[in-house]
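A.B. asks:
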Amino acid sequence: MAPQPSLLTLAERQVTETLERRRGDIVDLAATLVGFDTTASRTGADGGEVPALQALLAARMQSAGFEVELFVPEPDDLPASRMLAAGHDMTGRPQLIARRPGTGDGRSLLLNGHVDVVEVGRREAWSSDPFRARLSAGRLYGRGACDMKGGVAAMVLAAEVLAELGVPLRGDLSLNTVTDEESTGAGSLACVARGLHADGCLIPEPTSGHVWLGSRGVLLPTVEVDGRAGHTGLARGDELDGPGVGAIERILPILEAMRGLREQWWAQRGPSETPGWIVPTHISAGEWIVTFPDSCSVQLHVTYGIGQADADGWGTAVEREVEARVRAAALADPWLAAHPPRVHWSTDVPSGTISADEPIVRTALGAAASLEHHTGITSQTTWIDAVTFSRSGTPAIGFGPGDLANAHTVDESIDVSELVRAAQALAVCAMRFCGVAGERSPRPRPRSERTEGVAQPAGLLAAP
Ligand SMILES: [Zn+2]
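For the sequence shown, my numbering begins at 139 and goes up steadily by one.
Written out as structure tokens, the structure reads:
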């Protein structure tokens, strides 16, 4: 449905109508961004195509009149954190901060998005080149189209149009594009360490236009089990009496225990809470096809719910719970009792959430309501950089185009109309949150602020 003119100010209408006319430019930018291979695991020491992408965005923001800063964080620039391994290396991956100073007396707003993407997987499964965006039946296809180069294009166009139309925002408007979101969250962490902060932050991750108040935490342990190398041709009734013991089969009780813990977490979840979840994501064992594998290690992606986190958001209690479950499984197994598994912990990405009463939340819900977008709050879902900003004093939410179900998939895609709607919502949020100089009368109040309509916390939606 078209925006309801009566719910938008004249200036807001001018901005949203301009963005509607700029639909082609939004799609072009999203397609251009998809064209850069910024796969998180393959950027290497030269940053792969990250520097070129960031330089392109920096140039655009500069020509829109923003003050621009591009910097590559040194290991010493990063704070000591459970989120990062010591000496985390970001060589070759510049972070972009662009700022348009306000006229004064307004709240500052930050728009943040990540430009790294995940592996494409098997290329032959894709209908077309994942790094050459394809437009078909109103959808844009390509790696990152949904998560979240589409959202980045929407926020860039929103910022550009506000600047081009000379909308005199009272508060500063900053735009920040980062890397390392798909791995550790180091990009936004580095920007915060550099001093980036604001009165509110919007991150157009694929939230289907809903508001994410925060996210669950993530732990990435590896569990290692020993076997015993030996010739597989020497059969024994009981393998444990034989010359070799295969570690692949010996790790099965551990996998079973992790599945049990996952199911327990799910069964014990509270109302409207997304609980923790454990998924074995990588397994490694074996040297030769006629040799018992003498070790087997499995990597686990452990997500923990906000209710499972320590008081300060970290996952140390969850670490202890996982270790206890591994120990219990080992004690119940003759081989593992004599050969205890080892659990190695790496990074801990903390959970966190903000109150639905934060002004940035009210602004996002109000703007969406004025634009007649279907919206609501989901509070606990996948990790996004919002937690880093919220923990550092900048209340941040996820609020963007596309469905998370289309992220990280083969033939990843996004609805072009959602890109335009997101750009409009972000621009209206900026005008309302930062304020517009010279605007005298209070803007019309959207329904969400008059009644308990769709945008109220009461309308909490189930998290994906
Ligand atoms: Zn993302």
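Every residue gets a Cβ at the ideal spot worked out from N, C-alpha and C, and that includes glycine.
For residue 158, does the three-state DSSP call read helix, strand or coil?
C.D. replies: Correct three-state label for residue 158: helix.
A.B. asks: For residue 145 and residue 362, what's the separation of their Cα atoms in angstroms?
C.D. replies: Between residue 145 and residue 362, the C-alpha separation is close to 59 Å.
A.B. asks: Taking 7 Å as the cut-off, does the CB of residue 448 come closer than this to any heavy atom belonging to ligand 1?
C.D. replies: For ligand 1, not one heavy atom lies less than 7 Å from the Cβ of residue 448.
A.B. asks: So, helix, strand or coil for residue 449, using DSSP?
C.D. replies: Coil at residue 449, not helix or strand.
A.B. asks: With H, G and I counted as helix, E and B as strand and the rest as coil, what does DSSP make of residue 150?
C.D. replies: Looking at residue 150 - three-state DSSP - the assignment turns out to be helix.
A.B. asks: Would you call residue 404 buried or exposed, if buried means 16 or more other Cβ atoms sit within 10 Å of its Cβ?
C.D. replies: The residue is exposed, with fewer than 16 neighbouring Cβ atoms inside 10 Å.
A.B. asks: To the nearest whole angstrom, what separates the beta carbons of residue 253 and residue 230, a pair I think is in contact under 8 Å?
C.D. replies: In fact, because the Cβ distance is near 13 Å, the residues do not count as touching under 8 Å.
A.B. asks: Report the rounded CA-to-CA distance for residue 215 versus residue 376, giving the unit in angstroms.
C.D. replies: When rounded, the distance between both Cα atoms is 56 Å.
A.B. asks: Put residue 425 into one of helix, strand or coil per three-state DSSP.
C.D. replies: Three-state DSSP puts residue 425 in coil, outside helix and strand.
A.B. asks: Could you check what DSSP says for residue 437 in three-state terms: helix, strand or coil?
C.D. replies: Correct three-state label for residue 437: strand.
A.B. asks: Taking 8 Å as the limit between beta carbons, can you name the residues of its chain near residue 475, skipping five residues before and five after?
C.D. replies: Once the five neighbours on either side are set aside, the close Cβ partners of residue 475 are 468, 469.
A.B. asks: Should residue 343 be listed as close to ligand 1, given that the test is whether its C-beta is under 7 Å from any heavy atom?
C.D. replies: Yes.
A.B. asks: So, is residue 232 buried or exposed, given that buried needs 16 or more other C-beta atoms within 10 angstroms?
C.D. replies: So residue 232 counts as buried.
A.B. asks: Helix, strand or coil for residue 249, going by three-state DSSP, please let me know.
C.D. replies: Residue 249 falls in the strand class under three-state DSSP.
A.B. asks: Can you tell me whether residue 465 is helix, strand or coil according to DSSP?
C.D. replies: Helix at residue 465.
A.B. asks: Are the Cβ atoms of residue 525 and residue 352 separated by less than 8 Å?
C.D. replies: For residue 525 and residue 352, yes; Cβs fall inside 8 Å.
A.B. asks: If you check the beta carbons only, do residue 365 and residue 269 fall under 8 Å apart?
C.D. replies: No, Cβ-Cβ distance for residue 365 and residue 269 is not below 8 Å.
A.B. asks: Is residue 439 near ligand 1, judged by its Cβ being under 7 Å from some heavy atom?
C.D. replies: No.
A.B. asks: For residue 577, which of helix, strand or coil comes out of DSSP?
C.D. replies: It is coil, neither helix nor strand.
A.B. asks: Would you kindly check if the distance between the Cβ of residue 498 and the Cβ of residue 533 is under 8 Å?
C.D. replies: Yes, the Cβ-Cβ distance between residue 533 and residue 498 is below 8 Å.
A.B. asks: Considering only the beta carbon of each residue, do residue 174 and residue 190 sit closer than 8 Å?
C.D. replies: Closer than 8 Å, so yes.
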